[in-house]
Amino acid sequence: MSRDAGSPVSDATDTAPPAGGRFVVGNAWDALDGTWPDLPPLVSVVVVHYRQQAELDRTLAALARQSYPAERLEVIVVDDGSPTPPTVPEGVRLIVQEDLGFRLSAARNVGVAASSGSVLCFVDADTSPEPDYVLRLTRLPALVPEAVTVGQRKHADFAGVLGGDGGAVPVSEPVEVAGPAHELEQPRWLQQAYGWSADLLHADDRSYRHLIGAVTCCTRWFFDQVGGFDESFTSYGGEDWEWAHRAWLAGGVFAHVPGAVAWHDGPDWAGRATGAGVGSAGSAGSAGSVASAGSAGSAGSAASEASEAAREVEEARRQAEKNGETLRLADLIAVRGSRGFGVRSRAVDVCVELAAAVGTSISAGAAFVAVDSVLAAMPDVTVVVPDDVAPVFEADQRVLGRSSAAAAAARGGARVVVTLDGAVRVLPAVEAGGSDDARVQALAAAAGLGDDVARDLRTATDAVGVGSLGTLELVDPSGRVLVTVESRRAALRARRWGAGVAFVSHRASVDWLTPVTGEPSVAAYLGGWG
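Residue numbers (the working numbering): 449 to 978.
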């Protein structure tokens with residue numbers, strides 16, 4: 449169940465979908481609004497715990513009150529090596545793994561391996577679901593085996609440590625009552641993302657950021673297709689986003705279910721900074737200085753300065769911790785907006801393959817012109833070339849010989865594969881435009897399949913795999929296909945459901961591609977006169 453960091457999507461992706469499962473076009477889960485499964489599937493809820501007995505008690509009590517049929521629900525608690533294992537009620541399965549440090553990913557994988565359900569819900573020990581949570585969150589995965597749903601995680605001060613009245617909230621108090629009574633602010637950026645994406649109906653290649661591991665659900669079949677959580681994550685944060693990105697590449701259908709509410713005990717990460725509310729110490733110092741304008745004022749000022757210094761140190765530590773997570777993800781998730789602008793990631797986002805027709809070959813000169821023009825247009829891609837011309841590009845690590853293991857990994861793991869039908873030259877853009885603007889226009893045009901999706905090579909690779917567009921064929925004025933741009937999502941969906949049903953293809957005539965015919969003059973190409 450475990451996987452190594454940076455490895456491609458699971459090799460299990462040839463497994464046929466479960467019998468009775470349905471597909472939707474692109475990410476259009478709204479086509480099944482109002483539809484419920486004929487028979488509620490067996491659901492396994494995997495709860496990860498570490499030294500949070502009170503929080504776990506509240507979560508297990510909430511799971512015991514679910515409106516979902518009790519005989520179709522199993523709960524598995526995986527303890528990540530607490531000094532004292534937790535106690536759980538009868539009927540809840542407890543698995544304890546050895547304390548080898550922070551191993552949330554491993555704990556979730558262990559829970560899945562022990563589960564019996566066809567649908568999986570992941571919940572953390574400090575995240576308590578309202579009664580309809582399981583019922584609402586599992587509806588889509590029960591219908592669409594590629595669906596990955598995320599509930600609405602709200603925040604409350606159940607522990608009573610943030611200045612609320614009455615201290616800790618009793619575990620016996622229903623979370624749907626206690627939560628609103630002790631509610632904390634939700635992350636604004638996340639709510640905004642769910643708003644503009646219409647609850648992820650308009651998800652894109654960066655929507656992995658909007659799936660929170662503590663309130664996520666998918667089928668066991670699709671979990672196996674994607675592969676387990678990456679167990680090389682051994683500190684807080686990032687493992688859920690890395691998994692969600694792989695799920696998207698594997699053809700996942702993302703949906704936010706706002707009616708599936710679970711309450712997290714305490715604020716989100718950004719609200720957990722030490723020193724919140726420290727301003728009161730400054731007020732006390734000011735009052736002391738008025739009463740005694742001498743040493744008391746100096747003492748108060750010194751205490752305030754020490755408190756501020758401690759706060760700055762803690763903020764720097766937290767930022768360094770968050771930077772570590774971001775850098776890790778930038779190496780594993782190579783989409784724009786996640787990877788570096790110039791620094792290359794370990795993962796491959798776009799793989800371009802120079803393919804020769806059967807029985808033909810491509811000369812070194814023709815290959816150089818084609819590959820160089822591609823890399824001039826998109827310097828961050830990986831290019832796969834026939835082995836016989838690979839020595840021409842030996843000094844450029846972005847270019848790989850077809851028979852190499854690295855080439856196979858690039859083709860298999862890339863978000864998009866671009867296939868050049870023989871030596872094809874990418875002509876320079878006539879006018880330079882902002883890449884971000886081009887992306888926005890490409891995604892908008894993809895919805896209507898306008899030719900703006902083929903404005904240039906970058907735009908074409910941005911457009912596929914988002915919305916309903918899976919494959920884009922770029923043709924010359926005579927109708928000959930010069931380049932095919934295919935998303936991994938579309939390729940995998942085609943293998944599962946058949947070609948052209950879960951994504952659509954589009955053909956566009958372009959004037960920025962031209963075949964390299966005969967033996968070209970490389971000197972003329974480089975010198976700019978041919």
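We put the CB at the ideal spot given by N, CA and C, even for glycine.
Asked	Found
Reduced DSSP category for residue 550 - H, G, I as helix; E, B as strand; rest coil	coil
DSSP-derived helix/strand/coil call for residue 901	helix
Cβ shell of residue 616 (< 6 angstroms), same chain only, five flanking positions each side left out	607, 608
Contacts around residue 969, its chain only, beta-carbon distance under 7 angstroms, and the 5 residues preceding and following it disregarded	978
Terminal residues of the beta strand (DSSP E) in which residue 644 lies	From DSSP, residue 644 is part of no beta strand (DSSP E) but of the alpha helix (DSSP H) over 636-644.
Helix, strand or coil at residue 816 [DSSP, three-state]	helix
Start and end residues, alpha helix (DSSP H) containing residue 696	687-697
Inter-residue Cα distance where the pair is residue 956 and residue 547	57 angstroms
Nearest-angstrom Cβ-Cβ length linking residue 902 and residue 833, presumed shorter than 8 angstroms	That pair is no contact at about 24 angstroms.
Span separating the alpha-carbon of residue 893 from that of residue 531	Since pLDDT at residue 893 reaches only 49, below the 50 mark, its modelled position is unreliable, and no value is offered.
Own chain residues within Cβ distance below 6 angstroms of residue 669, not counting five before or after	466, 593
Cross-strand partners of residue 600 (DSSP beta bridge)	709
Bridge-paired residues (DSSP) for residue 849	833
Top-ranked residue by Cα proximity to residue 471, from 916, 923, 920, 653	916
Identity of the residues DSSP links to residue 572 by a beta bridge	496
Bounding residues of the beta strand (DSSP E) (the contiguous stretch that carries residue 625)	Premise fails: residue 625 lies in the alpha helix (DSSP H), 623-629, not in any beta strand (DSSP E).
Cα-Cα separation between residue 715 and residue 841, rounded to whole angstroms	52 angstroms
Simplified DSSP assignment, three categories, for residue 513	coil
C-alpha distance - residue 946 paired with residue 568, whole-angstrom precision	26 angstroms
Integer Cβ distance of residue 585 from residue 478, believed to fall under 8 angstroms	About 16 angstroms; that fails the 8 angstroms criterion.
Beta-carbon contacts of residue 681 that lie in its chain and below 6 angstroms, excluding the five residues immediately before and after	553, 687
Nearest neighbour of residue 634, chosen from 656, 563, 850, 600 [CA to CA]	600
Residue 503 to residue 543 span [Cα, whole Å]	17 angstroms
Cβ-based burial, residue 481 [other Cβ within 10 Å; buried from 16]	exposed
Residue 867, DSSP secondary structure in three states	strand
Environment of residue 789 [buried if 16+ CB atoms lie within 10 Å]	exposed
Whole-angstrom distance between residue 663 and residue 598, CA atom to CA atom	6 angstroms
Host beta strand (DSSP E) of residue 527 (start-end)	521-527
Buried or exposed by the 16-neighbour rule on C-beta atoms within 10 Å, applied to residue 549	exposed
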